[in-house]
Amino acid sequence: MTIERFTPNRRTFLGLGAAGLGAPLLASCAGNVSSGNGNDLGQVDFSAPSEYSDRDMNVVLWSATGGTNGETLQALIDGFNESQSDIYAEVQYQGGYEESGPKVTAALQAGSVPDIAMFADTWWPRFLLNDVLEPMDDYFTDDYNSDSYVGQVFDEGVASGSTYWISFGRSTPLFYYNKDLFNEVGLPDRGPETWSELREWAAELNQLQVSGQALPAHAFSSGDDWPFMAMIWQFGGRISDGLEIHIDGAEAIEAGEWAQRFIHEDNFGYLAQSPNTDFGAGVVATTVGSTGSLRGIYEEADFEVGSAFLPQEATHGVPTGGNGFSMFKNVPAERKEAAFEVLKYLGSPASSATWTLGTGYLPVVTAARDEPELAEVLAEDPNFNAAAEQLEIAQPTDAVRQMVTDSTATIISGVQEIFSNGSTDVRATFDNVAAQLRDGAESVRDDYEQWFG
Numbered sequence: 001m002t003i004e005r006f007t008p009n010r011r012t013f014l015g016l017g018a019a020g021l022g023a024p025l026l027a028s029c030a031g032n033v034s035s036g037n038g039n040d041l042g043q044v045d046f047s048a049p050s051e052y053s054d055r056d057m058n059v060v061l062w063s064a065t066g067g068t069n070g071e072t073l074q075a076l077i078d079g080f081n082e083s084q085s086d087i088y089a090e091v092q093y094q095g096g097y098e099e100s101g102p103k104v105t106a107a108l109q110a111g112s113v114p115d116i117a118m119f120a121d122t123w124w125p126r127f128l129l130n131d132v133l134e135p136m137d138d139y140f141t142d143d144y145n146s147d148s149y150v151g152q153v154f155d156e157g158v159a160s161g162s163t164y165w166i167s168f169g170r171s172t173p174l175f176y177y178n179k180d181l182f183n184e185v186g187l188p189d190r191g192p193e194t195w196s197e198l199r200e201w202a203a204e205l206n207q208l209q210v211s212g213q214a215l216p217a218h219a220f221s222s223g224d225d226w227p228f229m230a231m232i233w234q235f236g237g238r239i240s241d242g243l244e245i246h247i248d249g250a251e252a253i254e255a256g257e258w259a260q261r262f263i264h265e266d267n268f269g270y271l272a273q274s275p276n277t278d279f280g281a282g283v284v285a286t287t288v289g290s291t292g293s294l295r296g297i298y299e300e301a302d303f304e305v306g307s308a309f310l311p312q313e314a315t316h317g318v319p320t321g322g323n324g325f326s327m328f329k330n331v332p333a334e335r336k337e338a339a340f341e342v343l344k345y346l347g348s349p350a351s352s353a354t355w356t357l358g359t360g361y362l363p364v365v366t367a368a369r370d371e372p373e374l375a376e377v378l379a380e381d382p383n384f385n386a387a388a389e390q391l392e393i394a395q396p397t398d399a400v401r402q403m404v405t406d407s408t409a410t411i412i413s414g415v416q417e418i419f420s421n422g423s424t425d426v427r428a429t430f431d432n433v434a435a436q437l438r439d440g441a442e443s444v445r446d447d448y449e450q451w452f453g
């Protein structure tokens with residue numbers, strides 16, 4: 001297999017920098033997404049099969065996950081429909097986060113919405129700032145409430161003392177390494193404790209050959225700022241603290257310069273179109289990918305896969321990511337009550353364990369780890385267990401990525417510039433990124449302070 005390196009051009013940067021700006025995103029139309037006159041939001045169309053057509057209530061869930069994950073979600077909803085006779089629930093896939101989010105905006109503006117929407121952790125707060133999400137605490141019961149969840153991931157959905165987003169498919173970045181290659185050059189069977197240690201090991205791995213070329217030690221992501229945000233944290237910096245921007249700080253610049261040297265001076269790494277694919281094909285020794293990628297990597301790899309906590313440098317840094325569910329205000333009470341019954345089912349220990357086993361996402365319901373099949377996997381698979389244990393030191397993403405609509409695209413374009421060109425000035429690039437982020441942050445600061453201040 002040939003390594004497919006990412007080589008951005010000016011069109012790529014311009015396209016990424018403008019991502020989301022052409023869509024009717026909420027931050028640009030605050031307060032105008034629904035008519036707001038009581039229970040006035042209709043329901044989007046659905047198609048109940050004949051065996052469910054006479055049920056009292058119908059619930060539509062808009063999903064942002066397809067493929068195997070979508071099939072697992074559908075199986076869970078099928079289980080809900082079979083578990084009772086009052087509510088029919090229907091999953092409608094709306095594309096990935098960047099596609100489904102604007103569709104929800106359009107639905108709100110049109111006045112007909114799904115009963116449940118799956119949002120990425122970087123999307124739901126934008127809807128909160130426009131005051132269209134339903135607080136869910138009054139729906140909790142004695143056997144299903146905030147105590148059911150791993151505390152730090154549940155708390156991410158809380159604002160101003162109320163719950164607006166319930167975690168579901170949650171993940172962290174995880175360090176993946178090829179155990180066979182590590183063994184071949186005599187490296188320890190573990191992940192590097194620091195990025196500096198990876199640089200030392202890279203010199204050994206670089207002695208191996210793949211397709212007639214020196215084996216790259218590490219594949220960096222070309223299309224996601226999430227792993228690099230973790231690296232900035234590990235060097236002691238942040239992208240933002242609240243809406244105060246720090247990506248132009250000394251620690252973030254140091255992280256960027258370290259990665260740039262690793263790629264262009266040491267020739268130990270590269271910017272990959274698809275790091276997980278390259279790693280699974282055995283053409284690179286290590287990468288950082290989502291914990292939710294583990295199952296897919298197992299399916300691709302014909303070598304022994306190792307996983308570990310992310311490397312440190314000045315400190316550890318593990319951001320959470322993934323998705324969760326929200327409901328909407330201005331929807332009839334009976335629809336919201338029915339929708340929450342679906343969420344309660346998806347948040348049961350059995351459903352949470354099934355979701356984790358089917359997708360590789362982390363078990364966010366605490367008791368899910370005691371479900372027999374999942375408990376066995378956690379006990380027997382050190383890679384899976386490492387992902388679950390690393391959650392204990394994870395923190396929420398930097399707020400600017402959540403609150404400013406084009407922030408991730410802006411950060412990605414800057415990361416691509418410094419990773420793809422060894423002569424690019426990291427400080428100047430991050431100064432430019434920071435200026436754009438500050439402009440975006442100011443546009444939502446008042447609403448942010450209202451909800452999170």
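Going by the UniProt record's numbering, the sequence shown opens with residue 1, and the numbers climb by one from there. Beta carbons: idealized from backbone N, C-alpha and C, even for Gly. All figures in this text were calculated on a predicted structure; none of them were measured in a lab.
- Among the bridge pairs identified by DSSP, THR163 is matched with VAL158.
- Annotated three-state conformation of GLU299 is helix, per DSSP.
- One thing to note: GLY237 has its Cβ within 7 Å of the Cβ of ALA252.
- For the region 354-408, the full-length alpha helix (DSSP H) segments reaching 4 residues or more read 372-380, 382-390 and 399-403 along the chain.
- One thing to note: TYR88 has its Cβ no nearer than 7 Å to the Cβ of LYS344.
- The Cβ atoms of PHE168 and GLY324 sit closer than 7 Å to each other.
- VAL444: member of the alpha helix (DSSP H) spanning 426-452, first to last residue.
- Per DSSP, the continuous alpha helix (DSSP H) segment holding HIS264 begins and ends at 250-264.
- Counting only runs of 3+ residues, the beta strand (DSSP E) found wholly inside the region 66-106 occupies 87-93, in chain order.
- Taking a 10 Å sphere around the C-beta of GLU341, we find 16 or more other C-beta atoms and assign the residue as buried.
- Listed as beta-bridge partners of ASN145 by DSSP are no residues whatsoever.
- The alpha-carbon of ALA434 is positioned some 20 Å away from that of PRO319.
- The beta carbons of GLY280 and GLU300 sit closer together than 7 Å.
- Under DSSP, GLY306 shares a beta bridge with TYR177.
- In the three-state reduction of the DSSP assignment, TRP62 falls in the strand class.
- With fewer than 16 neighbouring CB atoms inside 10 Å of its own CB, SER211 falls in the exposed class.
- Counting along the chain, no alpha helix (DSSP H) covers ILE116; the unbroken beta strand (DSSP E) around it starts and ends at 116-120.
- In the DSSP assignment, TYR52 falls outside any alpha helix (DSSP H) and carries neither an H nor an E.
- The alpha-carbon separation between PHE46 and MET57 amounts to approximately 12 Å.
- Contact between PRO382 and PRO192 does not hold, since their C-beta atoms are separated by about 17 Å, which reaches or exceeds 8 Å.
- About 5 Å separates the CB atoms of PRO173 and VAL288; that is less than 8 Å, so the two are in contact.
- TYR93 sits away from SER307, with the two beta carbons spaced by 7 Å or more.
- Inter-residue distance for LYS329 and PRO135 is about 8 Å (C-alpha atoms, whole angstroms).
- In its chain, beyond the 5 residues on either side, SER63, THR65 and VAL91 have a beta carbon closer than 7 Å to the beta carbon of LEU73.
- With fewer than 16 other Cβ atoms from the protein chains shown falling within 10 Å of its own Cβ, PRO188 counts as exposed.
- Setting aside the 5 residues that flank it on each side, GLY249 is surrounded in the same chain by GLY237 and ARG238, each with a C-beta closer than 8 Å to its C-beta; the list follows chain order.
- Taking C-beta separations shorter than 7 Å and ignoring five residues to either side along the sequence, the partners of GLN209 in its chain run LEU215, following chain order.
- Beta-bridge partners assigned by DSSP to ARG170: GLY322.
- The three-state secondary structure of ASP241, taken from DSSP, is strand.
- A buried status is given to GLY157, since no fewer than 16 other beta-carbon atoms sit within 10 Å of its beta-carbon.
- In this structure, DSSP gives GLY236 a state outside helix and strand, which the three-state scheme calls coil.
- Checking the DSSP bridge columns, you'll see PHE220 partnered with LEU271.
- Leaving aside the five residues that flank THR397 on each side, the residues in its chain whose CB is nearer than 8 Å to its CB run, in chain order, ASP121, THR122, TRP226, MET229, PRO319, THR320 and GLY321.
- For SER196, the enclosing alpha helix (DSSP H) stretches over residues 195-205.
- Annotation: the continuous beta strand (DSSP E) that includes VAL288 extends over 286-290.
- Cβ contact annotation for ALA314 (same chain, cutoff 6 Å, sequence separation greater than five): PHE235 and GLY236, in chain order.
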